[in-house]
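If you're matching them up, the sequences are chains W and S in order. End of the first sequence sits at 378 in the numbering used here; the numbers just go up one at a time, nothing left out. End of the second sequence sits at 378 in the numbering used here; the numbers just go up one at a time, nothing left out. Working notes for the structure below.
Number of protein chains: 2
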Amino acid sequence: METISTEDPTGLAAVLRAAAAQVIIDKGLGAFSIREVARRAGVSHAAPGYHFGDSQGLLTALAIEGFETLYREMQSAVSGVTDPIEQLTSIGRAYVRVATRFPAHCEVIFREDVIDAGNADYERVGLETFGLLESTVQAIADAYNPRLPVTTAARLCWSTMQGLVELEAKMRRLDELAGVDTPNIEDTAERFTALLVSGLVHHRPDR
Amino acid sequence: METISTEDPTGLAAVLRAAAAQVIIDKGLGAFSIREVARRAGVSHAAPGYHFGDSQGLLTALAIEGFETLYREMQSAVSGVTDPIEQLTSIGRAYVRVATRFPAHCEVIFREDVIDAGNADYERVGLETFGLLESTVQAIADAYNPRLPVTTAARLCWSTMQGLVELEAKMRRLDELAGVDTPNIEDTAERFTALLVSGLVHHRPDR
DNA sequence: CGGAATCACTTGACACTGTAAAGACTAACC
DNA sequence: GGTTAGTCTTTACAGTGTCAAGTGATTCCG
């Protein structure tokens, strides 16, 4: 699923994005340094500034790249699947899979303090992605529970997967202290989805 | 619910924690600066280093303080309530309320790249907090669905609330673009919990 | 064909940052 | 009353983001 071009990206901008992702993976977003990115790319310390303006610009580019990958993976997750519940399950797996494969990209996606959340491309892909999720939940509502509050339910699913991604390290640690081993995150996503779907299907709004 | 002492904290360490939280609120965690904290506290730039070692130490102290507040609020959310579903609902509201009232503290709680996630106090309060949530979900299982996988369900609830906190800004933006207004986050948490509870109660594990 | 302009950087500069080391001042204690 | 411990400040230094100016190439155009 190499949606983010790994085959030695041509163009310095792409090289810099890849280097930035690697810096975040190696040292964490908290220790992110634009000069370190430049060093790894073998260019002068100001080269990233030419392409991305400032650090926020570079991280925003990374967020957009990650969001686009997420969107494409979610699209291919629903294609070829007909049952909307299976679609949602597949989306959930795709969500955490992208987050696991591209941790740096996904770490900045919702970090509005380090990216430019008003960027037009960023907003567009965000709308598209959520639209895809919402229409899947809508299909579940149509097929299984017409009284489901679709937008709320879609946001619930989204929040759950995002929370899982963020909390996974903590959960691993809890399991480690308890002496049990942590299941694969995609399987956890599937179990979460199964529980969520039970709720979506059986939920009756307040009368 | 002023669990984090706001009544002018005595002792420089407490003053520095409060100043650090304010810096994060004002400029974002991405622009956090320990020297700025010192300036706001009216002390020399190296004073925070004496109390907290380095920047990671200060942010870890903040995370612990936030986690302890969360734990206490969750405790008081369940006390006096008997129905476990109401307890869970109350916990969900408490979770997002703490995150809203102490955004800086809660922003660092799971940011393992900027805090010391191995800190003993941090781990202890994390275990206690999750234990409280898990026993509430256990009570729901006992009362409504003995076959519920409790640990998974508890982590689902936790992920959902954490995801909601993280995505709330994005949801606000979606609503703004759609021209509708965003409900209060505590009410959203309650709607989420209602959907989750439907799932917890109706879920049947794979045979 | 030759000059001008644009592109894609590099170099140099500056204010700011985290952190370590050493110094200073105060209070407590034997 | 001298020593010690605690709480900060001062000094120093390497590293950082970002801006302005400089440098070659490449492209465009008359």
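Positions of the beta carbon are idealized from the N, C-alpha and C atoms, including for glycine.
For residue i, decide whether its Cβ has a neighbour in chain W, counting only Cβ atoms nearer than 8 Å.
| i | result |
| --- | --- |
| Ala191(S) | no |
| His276(S) | no |
| Leu303(S) | no |
| Gln333(S) | yes |
| Ser306(S) | no |
| Glu283(S) | yes |
| Arg188(S) | no |
| Leu233(S) | no |
| Phe273(S) | no |
| Gly224(S) | no |
| Thr323(S) | yes |
| Gly220(S) | no |
| Ser204(S) | no |
| Gly123(S) | No answer is possible for residue 123(S): it lies beyond the span of chain S, which begins at 172 and ends at 378. |
| Ala340(S) | yes |
| Arg264(S) | no |
Identify which residue in the options has its Cα closest to the Cα of residue i.
| i | options | result |
| --- | --- | --- |
| Thr359(W) | Gly213(S), Ala340(S) and Ser330(S) | Ser330(S) |
| Ile195(W) | Tyr242(W), Ala270(W), Ala217(W) and Glu278(W) | Glu278(W) |
| His374(S) | Val321(S), Glu347(S) and Asp346(S) | Val321(S) |
| Gln258(W) | Pro354(W), Asp197(W) and Leu304(W) | Leu304(W) |
| Asp292(S) | Tyr221(S), Glu337(S), Arg272(S) and Gly237(S) | Gly237(S) |
| Glu337(S) | Val267(S), Gly370(S), Ala349(S) and Lys198(S) | Val267(S) |
| Glu244(S) | Lys198(S), Ala288(S) and Ala265(S) | Ala265(S) |
| Thr353(W) | Glu361(W), Glu339(W) and Phe363(W) | Glu339(W) |
| Ala209(S) | Thr364(S), Phe223(S) and Val285(S) | Phe223(S) |
| Glu239(W) | Arg343(W), Gly350(W), Thr323(W) and Leu298(W) | Leu298(W) |
| Gly228(W) | Leu187(W), Tyr242(W) and Gln246(W) | Leu187(W) |
| Ile356(S) | Arg272(S), Ile205(S) and Lys198(S) | Arg272(S) |
| Tyr242(W) | His216(W), Thr231(W) and Val269(W) | Val269(W) |
| Ala286(S) | Lys198(W), Asp377(W) and Ile205(W) | Rather than Ala, the amino acid found at residue 286(S) in this sequence is Ile. Nearest of Lys198(W), Asp377(W) and Ile205(W) to Ile286(S), Cα basis: Lys198(W). |
| Arg318(S) | Ile175(S), Asp377(S) and Ala192(S) | Asp377(S) |
| Ala365(W) | Thr323(W), Ala192(W), Cys328(W) and Ala349(W) | Cys328(W) |
| Leu230(W) | Asp284(W), Gly182(W) and Ala349(W) | Asp284(W) |
| Thr323(S) | Pro274(W), Gly201(W), Ala349(W) and Arg362(W) | Arg362(W) |
| Val214(W) | Phe203(W), Ala202(W), Leu200(W) and Gly182(W) | Gly182(W) |
| Ile175(S) | Ala288(S), Leu367(S), Leu345(S) and Pro274(S) | Pro274(S) |
Could you name the residues of the same chain whose beta carbon sits closer than 6 Å to that of residue i, not counting the 5 residues immediately before and after it, in chain order?
| i | result |
| --- | --- |
| Arg211(W) | Ala190 |
| Val372(W) | Tyr315 and Asn316 |
| Arg343(W) | Thr353 |
If I measure Cβ to Cβ from residue i and keep anything under 7 Å in the same chain, skipping five residues before and after, which residues do I get?
| i | result |
| --- | --- |
| Pro255(S) | Thr307, Ala310, Ile311 and Ala314 |
| Glu207(W) | Val194 |
| Gln246(S) | Leu303 |
| Met332(W) | Gly263, Tyr266, Val267 and Ala360 |
| His216(W) | Arg206 and Ala209 |
Determine the burial state of residue i: buried for a count of at least 16 other Cβ atoms within 10 Å of its Cβ, exposed for fewer.
| i | result |
| --- | --- |
| Ser226(W) | buried |
| Pro219(W) | buried |
| Glu347(W) | exposed |
| Lys341(S) | buried |
| Gly334(W) | buried |
| Tyr221(S) | exposed |
| Thr300(W) | buried |
| Arg326(W) | buried |
| Ser369(W) | buried |
| Arg282(S) | buried |
| His276(W) | buried |
| Ala192(W) | buried |
With a threshold of 8 Å on Cβ separation, who are the neighbours of residue i within its own chain once the five nearest residues in sequence on each side are excluded?
| i | result |
| --- | --- |
| Ser261(S) | Ala248, Val249 and Val252 |
| Ile235(W) | Asn290, Asp292, Tyr293 and Val296 |
| Ala184(W) | His222, Phe223 and Ala232 |
Does any CB atom of chain S fall closer than 8 Å to the CB of residue i?
| i | result |
| --- | --- |
| Glu337(W) | yes |
| Ala291(W) | no |
| Gly228(W) | no |
| His216(W) | no |
| Phe238(W) | no |
| Thr300(W) | no |
| Ala248(W) | no |
| Met245(W) | no |
| Gly201(W) | yes |
| Leu259(W) | no |
| Gly370(W) | yes |
| Leu241(W) | no |
| Arg343(W) | no |
Task: Contained alpha helix (DSSP H) runs [length at least 4] in the stretch 286-359 of chain W, N- to C-terminal order - done: 291-315 and 321-349
Task: Any alpha helix (DSSP H) of 4 or more consecutive residues that is wholly inside the stretch 230-280 of chain W - done: 255-272 and 274-279
Task: Sequence ranges, alpha helix (DSSP H) only - wholly within the stretch 187-224 of chain S, length at least 4 - done: 205-212 and 218-223
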